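Reading through the structure tokens given below for one structure.
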Amino acid sequence: MALLTPLFAFLYHLPQVYKWLLKPYYVASLFMSIAFLAVRKTPGICDRLATQREDGNSCDFDWREVEILMFLSAIVMMKNRRAITVEQHVGNIILFSKVANVILFFRLDIRMGLLYLTLCIVFLMTCKPPLYMGPEYIKYFSDKTIDDELARDSRVTWIVEFFANWSPECQSFASVYADLSLKYNCAGLKFGKVDIGRYGEVSKKYKVSASPLSKQLPSLVLFQGGKEVMRRPQVDKKGRAVSWSFTEENIIREFNLNELYQKSKKLSKTRGDKEEEPEQQGAEAQGAESESKKDK
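Written out as structure tokens, the structure is:
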């Protein structure tokens, strides 16, 4: 059963995986991930490669290469246990496949290793994973708008994501956060995002570190009355984030979204009724005036 569950999950998301893999970023990443396999198995190229196999077959993996691949496969499996989206699963496979390729190419020939490492660096600097472009009810803040918006109406509860576009964790979380905004957004409960990779002052004011070493990205902060009530992940005294999984279930439970949503819906109805009362009073006054004119 433990093996069938992830298998069924993969088959369910298979059409979506194909859609991602057809994007230029993933196509290029796929070719780079299988580069060593292609070199080692391509006739005419593999014949000229060095090998440590006893039979001298340079077109097959030797025992050390198999050992490296098995070790990195185990790391991928461990990392994917904490992955919450299919994007993260695919991203982990691509990342550690490139790491394995770097090690294998350097072991084979230092010149090939340097060439492949240079290609990886150029790819990292010039190509970014495709951003989430699906439906959402999210307001994007800048350093000039976030404070005013949070303080505009003390009755509105805000959940704000502090993110950076370069962070793979933030990119994977984008679809989860968008789904939550579609389910829970209303007049009294709103969702926002601010890019602290772009607005450094916001990072300092709200004490969310943009450093990859801090592991604070993404950070979700709940604001009520313009003041912070809670955040995830929590940060210890040394400024390091306490490990926390950004699954939809965890966010709903920790932030008590169901209860917040019910309270916010009541607030919306109350505000709507208050807005209707002056309109009704104005209509009644106009009716009274017209009747008095008829009497005259």
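Each residue of the sequence shown is one higher than the one before, starting from 1 at the first, in UniProt numbering.
Glycine residues also receive a C-beta, built at the ideal position from the N, C-alpha and C atoms.
Predicted, not measured: the structure shown is a model, and the values here were computed from it.
Quick check on the burial criterion: 16 or more other C-beta atoms within 10 angstroms. Buried or exposed for V122?
exposed
L189 burial status per 10 Å Cβ neighbour count (16 or more: buried)
buried
Measure the CB-CB distance between A178 and I138 and report whether it falls below 8 Å.
yes
Buried versus exposed, by CB contacts within 10 Å (16 or more), C127
exposed
Pull the bridge partners of M230 from the DSSP assignment, please.
L222
Give me, in chain order, the residues of the same chain whose beta-carbon lies closer than 6 Å to that of F141; leave out the 5 immediate sequence neighbours on both sides.
G192, V194
The ligand FMN and A28: does the residue's C-beta get closer than 7 Å to at least one heavy atom of that ligand?
Of the ligands one can find in the structure shown there are none, so the ligand FMN has no counterpart to examine.
Identity of the residue in S245, E228, E201, K237 nearest L217 by Cα:
S245
Beta-carbon proximity list for Q234, same chain, < 8 Å, skipping 5 on both sides
A241, V242, W244
Quickly, what does DSSP pair L189 with across the bridge? List them, please.
T157, C186
Would you mind giving the Cβ-Cβ distance between S33 and S97, rounded to the nearest angstrom? I have them listed as a contact below 8 Å.
4 Å
Beta-carbon within less than 7 Å of I45's beta-carbon, same chain only, minus the 5 sequence neighbours each way: which residues are those?
V39
Excluding sequence positions up to five away, which residues of its chain have a Cβ less than 6 Å from the Cβ of E87?
S172
What would DSSP say about F141, mapped onto helix, strand or coil?
strand
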